[in-house]
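Just below is one structure, and these are the notes that go with it.
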Amino acid sequence: MTTTATIVTTTTAIDRATRQAPAASLTPGTTGAELLLAALVKEGVDTLFGIPGGANLPIYQHLPNFPLRHVLVRHEQGAAHMADGYARASGKVGVCVATSGPGALNLITGLATAHFDSVPVVAITGQVAAATIGTDAFQESDVIGSSLSVTKHSYQVLDAADIPGVVAEAFHIARTGRPGAVLIDVPKDVQQQRVIEVADPIERQRPHRAPDRPDQSRLAEAAAYLAAAERPMILAGRGVAIAGAQAALQKVAEACDAPVGTTLLGTGVFPSNHPLATGLVGFMGTGYCNRGVTNCDVLLMVGMRADDRVTCRVDGFAPRATHIIHINIDPAELGKTIKADCQIVGDARAVLEGLAEQLSLQPRPGWRAQMDAWRVQHPLRYPQNGLLQPQEVLAACYARLGPDDISVADVGQNQIWAAMAWTGDRPGQFLNSGGQGTMGFALPAAIGAQAAHPDRRVVAVSGEGGFVMTLQELATAVESELPVKAVILNNRQLGMVRQFQDHFYGGVRSQVDHVLTPDFAMLARAFGCFGEVVRESSEIGPALDAAFAHPGPAVIEFMIDPEANVYPIVPLGKGLADFVECPRS
């Protein structure tokens, strides 16, 4: 006997005519929870991040019987960020688990962070018994409705026989096309339901894949624009990393002699030490990159959304470009903010490889010389005032990292300082929250990255404001033997907010000072971590060496200049060309 299957989804119901014949009979009495765990193993999952609770206890009852490592987190938001960091660092789908009600809702910020940055994460939530859904049962929440805007798709499974098919489709959706977050909500009684036979996985209804081949006429058009350009410029985002298109990007850039800037999420897709590299673009981008975008005559944007942090004032973005080429796997992003006259839907690697085949080596010494002159004219500077500066801390930290090690930045001034100082040459080694700008991201995401790569050194860079939002996950790091190293740049305030107030809101500093912050070194030791405080430049190296030599998690608090600012910065309402630089010391 095969059980009748019912699935509630956020889009159209799945056509039952697409179902395969029932699979071979399972062991009598197999539960929905066991089917779920078996399906995860089949998808190649090796690690789960989560917390047990009343509505997902059947899953945890059977968890010890499956080859899955479980990392017990201290807050569900941490679970989502860990799954996110795991996915960004490994390229695999990250998985987080929560119970119903507040447990499920606590995942939402982390799912939004992953989804906006195109990171494949699958969340599995417990739910109250199916018969009580909609009755305001204890710890009931409408997690499907709550997650609509921050997932690619959401499922509520009402029959255990459907679980293998739902899991297979959820992973397919999460990892294909433009990756993103998917949620599977399983009522407690469905987890306990016994299944005799189960149908094969449901035929894919939403493939989320790019066209098999890029439009050849568009490729030819783009190649012609680039060949005729005198001042070409390339901007690259995370889509290049997702597609594994770094080599193709470098071929196109070198063929065109085109400078390359990157978005925050694109950090690492182009070698930072390459002579054509111009670093970060946009609101807090390098002066020479923003000069290049402002003065180029052909702009190629690939694997990026062209959001407001990149463009600033739209009418001040690439104003001298006669042609703009935009490549993205998601057609919804084309023309959303920037009206490109050559739009190409497709996988970044396939498109860039197609472009490279149509381009011949074409040096542009005049344009290269101009970019080099801007590089000299607009160097990255910071004050020399005797106080500890974040740039010197990060330079010393990065100098101690190997070529495979990973840095995870939080949000705020620390994020930009960390991105500007990064010297790596591969994606997946500098991770940060881009689209959502989620404070508290760094520590749990670093724990997830460490779980993905236990043999690599992983450093979390944050301000004291972001660190206190998720610091409870130090316990997770210690307990799970994940030796992340946390670097706290403590300026005793919400630094980015303070800088905005100083520059753009009349200098009125309102509610930005952290009058009371914990002794982070003592707090770290209370959690069982190594802890140290640094106040002088001469202490930076020894403290980092001691932390990196420690076999477990470590926290180093650097008491930086409280007036340290991010430069360059584009004033609100201005264009890229209007960036303000650090005053000369």
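Residue numbers (my numbering): 567 to 1151. In this text, a Cβ means the ideal position worked out from N, Cα and C, and glycines have one as well. These numbers come from a predicted model, not from an experiment.
Per DSSP, what kind of secondary structure is residue i in: helix, strand or coil?
i: asparagine 894; result: strand
i: isoleucine 625; result: helix
i: cysteine 662; result: strand
i: valine 864; result: strand
i: phenylalanine 1114; result: helix
i: threonine 575; result: The predicted position of threonine 575 is uncertain, since its pLDDT is 41 and thus under 50; no value can be drawn from it.
i: arginine 871; result: coil
i: arginine 886; result: coil
i: alanine 738; result: Reading the sequence as shown, one finds histidine at residue 738 and not alanine. It is helical.
i: phenylalanine 704; result: coil
i: valine 1063; result: helix
i: glycine 595; result: coil
i: serine 973; result: strand
i: alanine 590; result: Since pLDDT at alanine 590 reaches only 33, below the 50 mark, its modelled position is unreliable, and no value is offered.
i: valine 1081; result: coil
i: glutamine 771; result: Bear in mind that the predicted position of glutamine 771 carries a pLDDT of just 48, short of 50, making it too unreliable to give a figure here.
i: isoleucine 1013; result: helix
i: valine 1146; result: strand
Got a sec? Which residues, its chain only, sit under 8 Å from residue i by beta carbon, not counting five neighbours each side?
i: valine 880; result: Thr903, Ile904
i: proline 633; result: Val607, Asp612
i: arginine 635; result: Asp612, Thr613, Leu614, Ala1017
Measuring alpha carbon to alpha carbon, tell me which residue in the options is nearest residue i.
i: alanine 740; options: Gly660, Glu958, Leu1009; result: Gly660
i: serine 973; options: Glu958, Gly1003, Ser1028, Pro945; result: Ser1028
i: leucine 1142; options: Arg857, Ala1015, Gly610; result: Arg857
i: alanine 1120; options: Ile1054, Val1034, Val826, Lys1140; result: Ile1054
i: valine 1044; options: Leu960, Phe1096, Val709; result: Phe1096
i: glutamine 981; options: His944, Asn998, Thr989, Glu1098; result: Asn998
i: arginine 654; options: Ala604, Ala807, Ser712, Ala664; result: Ala807
i: phenylalanine 996; options: Met1005, Tyr964, Asp1021; result: Tyr964
i: glycine 598; options: Ile625, Ala962, Phe615, Asp1111; result: Ile625
i: tryptophan 983; options: Val1132, Glu787, Gly968; result: Val1132
i: alanine 987; options: Leu614, Pro956, Gln1016, Phe1086; result: Pro956
i: glycine 1094; options: Leu1040, Asp874, Glu1123, Gly692; result: Leu1040
i: glycine 967; options: Ala922, Tyr791, Gly1107; result: First, the residue type needs correcting, since residue 967 is leucine and not glycine in the sequence shown. Looking at the Cα atoms, Gly1107 is the closest of the given residues.
i: histidine 738; options: Glu609, Phe1124, Val1034; result: Glu609
i: proline 969; options: Gly1061, Thr989, Gln979; result: Thr989
i: proline 949; options: Ile895, Leu623, Glu958, Arg941; result: Glu958
i: alanine 794; options: Ala824, Ala664, Pro753, Asp781; result: Ala824
i: leucine 1082; options: Val1099, Asp1111, Glu1030; result: Glu1030
i: valine 723; options: Gly692, Arg797, Asp873, Ala939; result: Gly692
Is the CB of residue i under 8 Å away from at least one CB in chain C?
i: alanine 605; result: This model lacks chain C altogether, as it is built from one protein chain only.
How is the alpha helix (DSSP H) around residue i delimited, first residue to last?
i: threonine 679; result: 674–682
i: threonine 1042; result: 1040–1045
i: serine 712; result: 709–713
i: cysteine 1095; result: It is not in any alpha helix (DSSP H) - cysteine 1095 carries neither H nor E in the DSSP assignment.
i: methionine 648; result: 642–656
i: glutamate 521; result: The structure shown does not extend to residue 521, since the chain spans only 567 to 1151, so no value can be given for it.
i: tryptophan 933; result: 931–943
i: glutamate 958; result: 956–965
i: asparagine 980; result: 979–987
i: glutamate 923; result: 914–924
Can you pull the DSSP bridge partners for residue i?
i: phenylalanine 1124; result: Leu1055, Val1100
i: methionine 799; result: Leu865
i: aspartate 751; result: Thr691, Gln722
i: histidine 636; result: Leu614
i: threonine 828; result: Ala802, Leu846
i: phenylalanine 996; result: Ser973
i: arginine 760; result: Thr597
What does a CB cutoff of less than 7 Å around residue i pick up in its chain, not counting 5 residues either side in sequence?
i: arginine 1064; result: Arg1075, Val1078
i: glycine 595; result: Arg760
i: proline 1128; result: Asn1057, Arg1058, Gln1059
i: proline 993; result: Ala807, Gln812, Gly834, Val835
i: glutamine 1002; result: Ala678, Thr679, Phe682
i: glutamate 642; result: Ile617, Ala664, Gly669, Asn672, Leu673
Residues in its own chain within less than 6 Å of residue i by CB, not counting five upstream and five downstream?
i: alanine 587; result: Only weak support exists for where alanine 587 lies, its pLDDT of 29 falling under 50; the value from the coordinates is given anyway. Same-chain partners within the cutoff: there are none.
i: alanine 532; result: Absent from the structure is residue 532, since the part of the chain shown begins at 567 and ends at 1151.
i: glycine 1118; result: Pro1049
i: leucine 866; result: Ile800, Ile891
i: leucine 1138; result: Phe1070
i: aspartate 976; result: Phe1007, Ala1008, Ser1028, Gly1032
i: proline 931; result: none
i: isoleucine 690; result: Val663, Ile750
i: threonine 888; result: Asp863
Shorter than 7 Å, the distance from the beta carbon of residue i to the closest heavy atom of the ligand MG, or not?
i: leucine 1060; result: You won't find the ligand MG in this model; it holds no ligand whatsoever.
What first and last residue would you give for the beta strand (DSSP E) that runs through residue i?
i: serine 1028; result: 1024–1029
i: tyrosine 721; result: 719–723
i: glycine 616; result: 613–616
i: cysteine 908; result: 908–911
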